Amino acid sequence: MSVQEDQTNKAERQKAGEFVRGVGTARNWISNEPNAQFKPERGRYHLYVANNCPWCHRVALTRGILGLQSVISMDVLYFKRDAERGWQFRPELDADCTADTVNGKQYVTEIYALSNLQQKSVPLLWDKKLKCVVSNESAEIIRMFATQFLEFQALPKPLDLYPSVLRTKIDELNAWIYPQINNGAYKAGFSSNQQVYEQAFDAYFAALDRLEGILAKQRYLCSNIQPTEADIRLFPTIFRHDCVYYVRMKLNKALLCYEYRNIYGWMKDMYQYPHVKKACNLQHCKNGYFGRTGNNVIPRGPDYDWDSPHNRDKIKFEPLATDQVLLGIQTDTGNQHSVQTLTMVIKGVALSSFAYLMLKAQK
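In this note's numbering, the protein residues as written are 201 to 563.
(1) Measure from the C-beta of F517 to each C-beta in chain C and report whether the shortest distance is under 7 Å.
(2) Name the DSSP beta bridge partners of L324, please?
(3) Is it buried or exposed for G304, if we count other Cβ within 10 angstroms and need 16 for buried?
(4) List, from N- to C-terminal side, the alpha helix (DSSP H) runs of 4 residues or more that fit wholly inside the region 428-481.
(5) Who does M344 pair with in a DSSP beta bridge?
(6) Taking the alpha-carbon positions, what's the K563 to D523 distance?
(7) Contact check, L317 vs A250 under 8 Å by CB: the rounded distance?
(8) Taking Q148 as the reference, which of A521, D206, A430, F289 has the closest Cα?
(9) Grouping DSSP H, G and I as helix and E and B as strand, with all else coil, what is T541?
(10) Under three-state DSSP, which class holds C297?
(11) Taking only three categories from DSSP, how would you classify D513?
(12) For D409, report the span of its alpha helix (DSSP H) as first-last.
(13) By the three-class DSSP mapping on this structure, what secondary structure does S391 have?
(14) Tell me whether T301 is buried or exposed, calling it buried when 16 or more other Cβ atoms sit within 10 Å of its Cβ.
(15) Output the boundary residues of the alpha helix (DSSP H) element that contains C256.
(16) With respect to the alpha helix (DSSP H) encompassing D371, which residues constitute its N-terminal and C-terminal limits?
(17) What do you get for Q540, buried or exposed, if any count of 16 or more other CB atoms within 10 angstroms of its CB means buried?
(18) Which residues does DSSP pair with R227 in a beta bridge?
(19) Rounded to a whole number of angstroms, what is the C-alpha to C-alpha distance between L247 and N481?
(20) Spatial neighbours of R285 within its chain, please: CB distance less than 7 Å, with the 5 preceding and 5 following residues excluded, ordered by chain position.
(21) Between which two residues does the beta strand (DSSP E) carrying V276 extend?
(22) Just checking, does the region 322-336 make contact with the region 228-240 on the three C-beta pairs under 8 Å criterion?
(23) On the criterion of 16 or more Cβ atoms from any shown chain inside 10 Å, does D206 qualify as buried, or is it exposed?
(24) Within its chain, find whatever has a CB closer than 8 Å to the CB of T208; leave out the 5 residues flanking it on each side and keep chain order.
(25) Using C-beta distances below 6 Å, list every residue in its chain close to P240, excluding the 5 sequence neighbours before and after it, in chain order.
(26) Going by the CB atoms, is the gap between R258 and I272 shorter than 7 Å?
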């Protein structure tokens, strides 16, 4: 699932100037299994997030895009951390921030202490029923939301972000997008070693080149029909690139709006997807990244029209065999042909679009 960074020789690597991300220690799983301690239930779970944090962003995105707002409650932390206590609740300083509406605490560390944990990171998923921390690993939280809360979605039609037919592809994308792009931005920006920085810089833009090629051929990372978990995990980094990371993380080789037109179009397409916009707060991103470093001056630009047409819905991308499967599942799951095709793909039979259409014509 690419949920953490290799911790081998962590101290030595940090001493040499490399940024090494820590590992979340609260790793419980929500499941419908008979003996599961944490079961999916309406109103049982609560999220603590900070809008400027990309790991929080992807969790809030998943909650929103799946229509789980009334199922899983959420509080928003202040974008500046207290110098000694870390993430804090300061609703009086910003209208988009909240108090801790569940535990009434001032700092995230105090919430962890309720579960006898000495942690300080977010996102944090809390169980209101058992009064304990469930998880602080964002990759696992979004996977749980995507797979364990399908019946709770408040959407016109269900959205499966991790469909069986695309799981192998999603996992393959996550395996290189996380180290090279999501965490790669931090590898570049937080390095204190020139060589380590340049390696991360080169890997980041090589990965963007690879993404540009993928998105030139299809609307989303895994299909032309719908976004998946892979799109959700990628979006927070791309959303921040031009406006934050270009300067703050020293990733100044290119702006997406000029040099990566397919990624830029995909970003706007994703932003305009139902419920995504409400999970995005660019001002908090700027305030969080720039407001606690340097001289605390916040950049004003760039000024994008996020709601202008992206036109990716008008591009006639080459159809994918799995697109037909997804359409079949969404429109008529009882159709025998759809079920047969799904079974073939799950077993690893890779049908080309042409082969699929020929097969359909013969039916």
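Glycine included, every Cβ here is placed at the ideal spot set by N, Cα and C. Keep in mind that this is a model prediction, so the values were computed, not measured.
So, from the listed chains and residues:
(1) No chain C appears in the structure shown, which is made up of a single protein chain.
(2) On the sequence shown, position 124 is the one that residue 324 refers to. DSSP output for L324 lists Y248 as bridge partner(s).
(3) In the sequence shown, residue 304 corresponds to position 104, counting from 1. Residue environment analysis places G304 among the exposed positions, since fewer than 16 neighbouring C-beta atoms fall within 10 angstroms of its C-beta.
(4) 429-440, 456-459, 461-471
(5) The residue given as residue 344 occupies position 144 in the sequence shown. Per DSSP, none; premise fails for M344.
(6) Counted from its first residue, the sequence shown places residue 563 at position 363. Counted from its first residue, the sequence shown places residue 523 at position 323. Interpretation of K563 is limited by its pLDDT of 41, a score under 50 that renders its predicted location unreliable; no figure is taken from the coordinates.
(7) By one-based count along the sequence shown, residue 317 stands at place 117. By one-based count along the sequence shown, residue 250 stands at place 50. Incorrect: roughly 18 Å between the Cβ atoms, too far for contact.
(8) Nothing can be reported for residue 148, as the shown portion of the chain is limited to 201 through 563.
(9) For the purposes of this step, residue 541 is taken as residue 341 along the sequence shown, with counting starting at 1. Because T541 carries a pLDDT of 37, less than 50, the predicted location of this residue cannot be relied on, and no value is offered for it.
(10) As a working note, residue 297 is residue 97 in the sequence shown. Correct three-state label for C297: coil.
(11) Taking the first residue of the sequence shown as 1, we reach residue 513 at position 313. Three-state result, D513: helix.
(12) Position 209 of the sequence shown, counted from the start, is the residue given in the question as residue 409. From DSSP, the alpha helix (DSSP H) with D409 extends over 394-415.
(13) Locating residue 391 in the sequence shown gives position 191, counting from the first residue. It is coil, neither helix nor strand.
(14) Here residue 301 refers to the residue found at position 101 when the sequence shown is read from its first residue. Label assigned to T301: exposed.
(15) Position 56 of the sequence shown holds residue 256. Where C256 is concerned, the enclosing alpha helix (DSSP H) stretches over 254-265.
(16) Here residue 371 is taken as the residue at index 171 of the sequence shown, counted from 1. D371 -> alpha helix (DSSP H) spans 367-377.
(17) What you label residue 540 is simply residue 340 of the sequence shown in a count that begins at 1. At Q540 the pLDDT is 40, less than 50, meaning the model places this residue with poor confidence and gives no usable figure here.
(18) In the sequence shown, counting from the first residue as 1, residue 227 sits at position 27. Per DSSP, S335.
(19) Here the question's residue 247 lines up with position 47 in the sequence shown. Here the question's residue 481 lines up with position 281 in the sequence shown. Taking the straight line joining both Cα atoms gives about 17 Å.
(20) What you label residue 285 is simply residue 85 of the sequence shown in a count that begins at 1. Excluding sequence neighbours, R285 sits near Y307, T309.
(21) The residue you call residue 276 lines up with position 76 of the sequence shown. 273-276 is the span of the beta strand (DSSP E), which, as asked, contains V276.
(22) Taking 8 Å as the limit for Cβ pairs, the verdict is that the region 228-240 does touch the region 322-336.
(23) As a first step, residue 206 must be located in the sequence shown, where it is residue number 6. Exposed.
(24) The sequence position of residue 208 within the sequence shown is 8, counting from 1. Nothing listed; no residue qualifies.
(25) Counting from one through the sequence shown, the residue named residue 240 turns up at place 40. So the list reads I230, Q348, F349, once near-sequence residues are dropped.
(26) Counting from 1 along the sequence shown, the entry for residue 272 is found at position 72. Counting from 1 along the sequence shown, the entry for residue 258 is found at position 58. No, they are not a contact pair.
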